[in-house]
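Residue numbering for the sequence shown follows numbering that gives the first Met the number 0, starting at 0 and increasing by one per position.
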Amino acid sequence: MKVLVLGASGATGSQVLLQLIKRKVETRIIVRDGANISDEILKNDLVEVVRGNVSELNEQEYCDLVKECDSVVCCLGHNITFKGIFGKPRLLVYNSLRNVCEAIMSTTEKRFKVVLMNTVACENIEIKEKRLFAERAVLWLLKGLIPPQLDNLKAATYLQKEICRNNEKIEWSAVRPDSLIDSSEVMPYEVYESITRSPLFNPGKTSRINVAFFMVELLMSDELWTQWKGRMPVIYNREE
Ligand SMILES: NC(=O)c1ccc[n+]([C@@H]2O[C@H](COP(=O)([O-])OP(=O)(O)OC[C@H]3O[C@@H](n4cnc5c(N)ncnc54)[C@H](OP(=O)(O)O)[C@@H]3O)[C@@H](O)[C@H]2O)c1
């Protein structure tokens, strides 16, 4: 097994990497200049480091990126700065995910698992989720006003509508945490088919390390994968 981790320098992506290293899984990461990533990770024999920017690769470079891998975890997200939110690339997650999926479909014979880190702010359009009218209205506005919201929506919709559930090369799962918090260890968590609380008016918490742990478990456990492939699991920290 070899896992391509996108966004490995980020707060959740780095936790995914650590979880994979802990399980002795080989990984490939792509990091841009100035990314904050520890020497411990960069020098780890299980980690292959590609220098570059995932949003600036050409078709061939995407094909090289997926070569020898059989799974992808995408934890890309816009930096929380004015430039990160409103500057280019506006569709960082969607474009990178789509390019990776196209590279998989055009080059490899293997069946890939693709796990996308998404958000409870994105609705699962296949199951008619219960949402308050006011919440739908605000999320609709945010989609127009805040580019990362549209980006996350397009990424999830790409998996649901274009990759679908019967793709010959790609199986996928889009994991949806609520408000992210940092924690040093994996704590009990709960996973649901749909939101159980309003992301805007009664948000829950999800530790990044829990998201990372669950995403890696998805890759490692056939049973869990069978349960959640083609779906958009929502993950919350268990409340005390
Ligand atoms: N905040 C929340 O409460 C919340 C809740 C649910 C879901 N989410 C979603 O969770 C995802 C990840 O969150 P996080 O906190 O782990 O993210 P993060 O720490 O900000 O990590 C973002 C990753 O994306 C990379 N990246 C950002 N801009 C880039 C660009 N222009 N080109 C190439 N790479 C770029 C970063 O690389 P560098 O290190 O090089 O910058 C980093 O590896 C996001 O999509 C977010 O929407 C957030």
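All C-beta atoms, glycine included, are put in the ideal place defined by N, C-alpha and C.
Just so it is clear, the structure is predicted and the values come from calculations on it, not from any experiment.
Check: residue i C-beta below 7 Å from any heavy atom of ligand 1
{"i": "L64", "result": "no"}
{"i": "M231", "result": "no"}
{"i": "R135", "result": "no"}
{"i": "M214", "result": "no"}
{"i": "L96", "result": "no"}
{"i": "S193", "result": "no"}
{"i": "V92", "result": "yes"}
{"i": "L152", "result": "no"}
{"i": "V15", "result": "no"}
{"i": "S183", "result": "no"}
{"i": "E4", "result": "Looking at the sequence shown, residue 4 is not Glu but Val. No, ligand 1 has no heavy atom inside 7 Å of this Cβ."}
{"i": "V53", "result": "yes"}
{"i": "N35", "result": "yes"}
{"i": "S220", "result": "no"}
{"i": "N78", "result": "yes"}
{"i": "P146", "result": "no"}
{"i": "R207", "result": "yes"}
Cβ shell of residue i (< 6 Å), same chain only, five flanking positions each side left out
{"i": "E122", "result": "E128"}
{"i": "V49", "result": "I29"}
{"i": "G51", "result": "I29"}
{"i": "S113", "result": "The sequence shown places Val at residue 113, not Ser. So the list reads V71, I169, W171, once near-sequence residues are dropped."}
{"i": "I10", "result": "Residue 10 is actually Ala in this sequence, not Ile. Cβ neighbours of A10 beyond the five flanking positions: R207."}
{"i": "I36", "result": "S8, V30"}
{"i": "K109", "result": "D69"}
{"i": "T106", "result": "C62"}
CA-to-CA distance, residue j to residue i, given in whole angstroms
{"i": "S220", "j": "L41", "result": "27 Å"}
{"i": "S54", "j": "L179", "result": "24 Å"}
{"i": "R135", "j": "D150", "result": "17 Å"}
{"i": "V99", "j": "L158", "result": "12 Å"}
{"i": "E239", "j": "L131", "result": "26 Å"}
{"i": "V233", "j": "V215", "result": "15 Å"}
{"i": "N209", "j": "T26", "result": "19 Å"}
{"i": "E189", "j": "E222", "result": "16 Å"}
{"i": "M146", "j": "L140", "result": "Here residue 146 is Pro; the residue named in the question, Met, does not match the sequence. Spanning the two alpha carbons is a distance of roughly 11 Å."}
{"i": "L75", "j": "D44", "result": "23 Å"}
{"i": "G6", "j": "N78", "result": "11 Å"}
{"i": "Y61", "j": "V92", "result": "14 Å"}
{"i": "G12", "j": "A211", "result": "7 Å"}
{"i": "M186", "j": "T205", "result": "10 Å"}
{"i": "E47", "j": "V24", "result": "11 Å"}
{"i": "F213", "j": "K82", "result": "31 Å"}
{"i": "L16", "j": "F200", "result": "33 Å"}
{"i": "V137", "j": "A154", "result": "20 Å"}
{"i": "D32", "j": "L56", "result": "14 Å"}
{"i": "A133", "j": "M231", "result": "22 Å"}
Integer-rounded CB distance, given that residue j should sit under 8 Å from residue i
{"i": "L218", "j": "V4", "result": "Going by Cβ atoms, the distance from L218 to V4 rounds to 11 Å, so no, they are not a contact pair."}
{"i": "S193", "j": "I126", "result": "6 Å"}
{"i": "N236", "j": "R175", "result": "Between R175 and N236 the Cβ distance is about 14 Å, and since that is not below 8 Å, they are no contact."}
{"i": "C163", "j": "L115", "result": "Not a contact, Cβ separation roughly 14 Å."}
{"i": "A120", "j": "Q148", "result": "6 Å"}
{"i": "D181", "j": "P202", "result": "The pair is not a contact, with the Cβ atoms about 16 Å apart (cut-off 8 Å)."}
Residues near residue i in its chain [Cβ-Cβ closer than 8 Å; skip 5 each side]
{"i": "F111", "result": "V65, C68, D69, S70, V71, I103, K168, I169, E170"}
{"i": "P88", "result": "S54, N94"}
{"i": "K142", "result": "Q148, L149, L152"}
Own chain partners of residue i with C-beta closer than 7 Å, once the 5 adjacent residues on each side are dropped
{"i": "A34", "result": "S8"}
{"i": "F85", "result": "P146"}
{"i": "L248", "result": "No answer is possible for residue 248: the residues shown for the chain start at 0 and end at 239."}
{"i": "Q14", "result": "R207, I208, A211"}
{"i": "W227", "result": "S172, L217"}
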